[in-house]
Amino acid sequence: MNMKSNSENWPDLKLIAQQLRKPSGELAARVASKMDQGNRPLFELTRDTLCIKTACNILEIGFGSGKYMKEIWALPECLSMSGVDYSDDMVKQAEANNAEALTSGKLSLINGSSDNLPFDDHSFDIAYCNMVIYFWDNPEIHLSEIYRVLKPEGKFYTGFRPRGSMLNFPFTRFNFRLYDVEDWESVLAENGFSVVGTEFRLDPELDDDGNQFQLESVCMVAAKSSDT
Ligand SMILES: C[S@@+](CC[C@H](N)C(=O)[O-])C[C@H]1O[C@@H](n2cnc3c(N)ncnc32)[C@H](O)[C@@H]1O
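Letter 48 of the sequence shown, counting from 1, is numbered 634 in my numbering, and no numbers are missing.
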């Protein structure tokens, strides 16, 4: 998400914020391409942190363009993968990017929201999301749904950039809920999860009109606290 300024004729910051929350219409493809590029380091951290065992059922929430999903569903240990995103345009892009897995039935992509997941209880061994939690106005509703669809031994991986990194982007003033690592750990704990590990990585340095900065990627691993 390297959209630090308006220097590339980006529309106003509020519009960028709205598009990142739910890419749609004429700007959707351009926003998705920026997200793919800027969020790649965070995707790699989450991918490397996922503990994928034999015959795992995996859920991704807020997959965006789905450009990198193949690096998860093509793993031999991935039995099946589902994705949920509430943007029509992102579902269409992700379908185009993952046609092979959709045809084979290994992947299903659903237009839906994480506050009302269209899955039975105890469906998944692993759920993850990257760069999505900022848009959950009531995180407890989304987390209770994730808790419900995870199997008793299931794990939820949250990929995000902490507040200090996100504040490099002026559009985060518009309706983003930003978290420090400790903040998100507390939210998870308040909602029945226990954090079992947190991985950190510094992204490659970015240059915005001569202004250099470096983002931090975080992947927090949380387990269900009880076997419900
Ligand atoms: C900033 S983009 C991140 C996309 C991708 N995960 C990445 O890392 O590049 C946020 C994505 O989450 C989706 N999203 C946001 N809130 C959602 C919700 N409540 N349910 C489902 N999808 C959601 C948006 O439509 C968008 O595709």
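Beta carbons: idealized from backbone N, C-alpha and C, even for Gly. Just so we're clear, the structure is a prediction, and the values are computed from it rather than from any experiment.
Three-state secondary structure (DSSP) of Gln605: Taking the first residue of the sequence shown as 1, we reach residue 605 at position 19. Gln605 falls in the helix class under three-state DSSP.
Cβ shell of Arg633 (< 6 Å), same chain only, five flanking positions each side left out: The residue given as residue 633 occupies position 47 in the sequence shown. Same-chain partners within the cutoff: Glu657.
DSSP-derived helix/strand/coil call for Pro748: The sequence position of residue 748 within the sequence shown is 162, counting from 1. Look at Pro748 here: in three-state DSSP terms it is coil, with no helix or strand label.
Local Cβ density within 10 Å of Leu631, reported as buried at 16 or more and exposed below that: In the sequence shown, the residue the question calls residue 631 occupies position 45. That one is buried.
Boundaries of the alpha helix (DSSP H) in which Tyr733 is found, first to last residue: Translated into positions along the sequence shown, residue 733 becomes position 147. Its alpha helix (DSSP H) spans residues 725-735.
Close-in-space but distant-in-sequence residues of the same chain around Glu731 (CB under 8 Å, 5 per side omitted): As a working mapping, residue 731 is identified with position 145 in the sequence shown. Counting only Cβ-Cβ distances below 8 Å, and skipping sequence neighbours, we find Ser700, Asp701, Asn702, Leu703.
Run of the alpha helix (DSSP H) containing Arg616, from where it starts to where it stops: Here residue 616 refers to the residue found at position 30 of the sequence shown. It spans 614-635 - the alpha helix (DSSP H) in which Arg616 sits, taken as one unbroken run.
Test item, CB below 5 Å from any non-hydrogen atom of ligand 1: Leu606, Lys608, Met621, Asn625, Gly648, Gly650, Asp671, Tyr672, Ser673, Met676, Ser699, Ser700, Asn716, Met717, Val718, Phe721
Per-residue DSSP class, three states only, for Met676: Indexing the sequence shown from 1 puts residue 676 at position 90. In the structure shown, Met676 sits in a helix (DSSP, three-state: H, G or I).
In DSSP terms, what Asp794 is bridged to: Locating residue 794 in the sequence shown gives position 208, counting from the first residue. DSSP lists Asn797 as partners of Asp794.
Val718 - DSSP class collapsed to helix/strand/coil: As a position in the sequence shown, residue 718 is number 132, starting the count at 1. Correct three-state label for Val718: coil.
Beta-carbon gap between Glu646 and Cys715 smaller than 8 Å: Walking along the sequence shown from the start, residue 646 turns up at place 60. Walking along the sequence shown from the start, residue 715 turns up at place 129. Their beta carbons are under 8 Å apart, which means Glu646 touches Cys715 by this criterion.
CB contact below 8 Å: Ile712 versus chain B: No chain B is part of this structure, which consists of one protein chain only.
Leu661, DSSP secondary structure in three states: Here residue 661 corresponds to residue number 75 of the sequence shown, with the count starting at 1. DSSP places Leu661 in the coil class of the three-state scheme, outside both helix and strand.
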